[in-house]
Amino acid sequence: VYARADDPELGLAVTRAWNDWLHDAWWQPHPERSIPLGITWLADPELGAAEVRRNAERGFRAVTLPENPHKLDLPSVHSGWWDPVLAACVETDTVVCLHVGSSGMMPMPPDAPMIELGATLFGALSLDACANWLWSGVPVRFPGLKIAMSEGGVGWIPMLVDRLDYIVGHSGHGRRAWAALGTDLSPSEVLRRNFWFCTIDDPTSLGAAQAAVGTDRLMVEVDYPHADSTWPATQAFLHDRLSGLPDADVAALTYANAAELFRWPLPPEPRPPLPSPT
-17 VYARADDPEL GLAVTRAWND WLHDAWWQPH PERSIPLGIT WLADPELGAA
33 EVRRNAERGF RAVTLPENPH KLDLPSVHSG WWDPVLAACV ETDTVVCLHV
83 GSSGMMPMPP DAPMIELGAT LFGALSLDAC ANWLWSGVPV RFPGLKIAMS
133 EGGVGWIPML VDRLDYIVGH SGHGRRAWAA LGTDLSPSEV LRRNFWFCTI
183 DDPTSLGAAQ AAVGTDRLMV EVDYPHADST WPATQAFLHD RLSGLPDADV
233 AALTYANAAE LFRWPLPPEP RPPLPSPT
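Residues in the sequence shown are numbered from -17 upward in steps of one, following our numbering.
Quick look at the structure:
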């Protein structure tokens, strides 16, 4: 929205002001409660990179970018236009968060139930975005880049891994296209190195996603305060969903992976569970 301002100077000033508000009014009063995730200026990659660096200097750990910027009439991730922003993210160890729907929803018939169908197709949006970022060569050019797919679930990951390796291993065109990106790694290896994924509730596919990319690349998401949220019964919900997993996997999924990705210190002792709301 800010990048579309008729006055670019005003749009940039409002972008910076939003980040200042997040830092000063939202995060700093209780810095142990949340991980600061900023926005950046999308209309100029050099100014966008500068904003990433400014935020990183004061403790921000992440920045959100459009999952498919070409859908917002911005240059695509295939263009190289975003490289200054991404270089700043690698330099500052800032995680790029691609939130589902941040470039709009899937095309739907006008008489479809928009909210319900849109939410059903979240995984398709994340699959689309992840495939575009992977084939753009961005994670090949920036091997240290950390990309978190937010709110899209994990059920689509095994299919993507299988499809990527099949295309490159089976198709001469796919093999040449991947080789042209300049890496000896397979697409699935790059996926496992550069991407992290979030699950709200994927009971039939969580195990397959663990096998496809590794437990260390998956994180539980609560999604408060949206309709998908497991709050206020999150702990009971997760106990039911994860009770069959090893303790190490439960710890990794529920907090340890996120703490490592976002460089967030954990308390020396786990806090006792909160009483159930009445």
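A virtual CB, placed ideally from N, CA and C, is assigned to each residue, including glycine.
Fair warning: this is a prediction, and the values are worked out from it, not measured in the lab.
Considering Cα atoms alone, identify which of A209, T236, P207 and P125 is closest to A218.
The shortest Cα separation from A218 among A209, T236, P207 and P125 belongs to T236.
Per the contact definition of three or more C-beta pairs closer than 8 Å, is the stretch 62 to 69 in contact with the stretch 97 to 104?
no
Is the distance from the Cβ of L116 to the Cβ of P51 below 8 Å?
With contacts defined by Cβ atoms closer than 8 Å, L116 and P51 do not form a contacting pair.
In whole angstroms, what separates the C-alpha of D2 from that of G226?
Their Cα atoms are separated by approximately 43 Å.
G20 bridges to which residues according to DSSP?
The partner list for G20 (beta bridge, DSSP) reads V45.
What did DSSP end up calling M90 once you bin it into helix, strand or coil?
coil
If distances are taken between C-alpha atoms only, which option among A215, E242 and D184 comes closest to G105?
D184
Return the first residue and the last residue of the beta strand (DSSP E) that H155 is part of.
Per DSSP, H155 belongs to no beta strand (DSSP E); it is in the alpha helix (DSSP H), G154 to A161.
Would you kindly work out how many angstroms separate the C-alpha atoms of F244 and A44, rounded to a whole number?
7 Å
Going by CA-CA distance only, name the one from A32, A(-1) and D144 that's closest to M190.
It is worth fixing the name first, because residue 190 is Ala in this sequence and not Met. Closest option to A190, Cα to Cα, is D144.
Over the uninterrupted alpha helix (DSSP H) stretch that includes I97, give me the two end residues.
M96 to T102
Tell me the DSSP secondary structure of T76 in three-state form.
coil
If I'm right that V77 touches I139 with Cβ under 8 Å, what's the distance once you round it to whole angstroms?
Not a contact, Cβ separation roughly 18 Å.
List the DSSP bridge partners of T181.
V202
Following the continuous beta strand (DSSP E) through S132, name the residue where it begins and the one where it ends.
I129 to S132
Express the C-alpha separation of M131 and A31 in angstroms, rounding to a whole number.
21 Å
Using the Cβ count rule (16 or more neighbours within 10 Å means buried), how would you classify C153?
For the sequence presented, residue 153 should be read as Ser rather than Cys. Label assigned to S153: exposed.
Have a look at T165, R157, G164 and S108 and flag the residue whose alpha-carbon is nearest the alpha-carbon of L142.
S108
Just to confirm my understanding: we take W328, look at its own chain, exclude 5 residues before and 5 after, and list those with CB closer than 7 Å. What are they?
Since the first residue of the chain shown is -17 and the last is 260, residue 328 is not available in this structure.
At which residues does the alpha helix (DSSP H) containing E28 begin and terminate?
P27 to E39
Would you kindly check if the distance between the Cβ of T165 and the Cβ of V122 is under 8 Å?
yes
Rounded to the nearest angstrom, what separates E73 and A(-1) at their Cα positions?
23 Å
I'd like the list of long-range same chain contacts for A215, defined as Cβ closer than 7 Å, with 5 residues on each side in sequence excluded.
Taken in chain order, the list of residues that qualify is empty.
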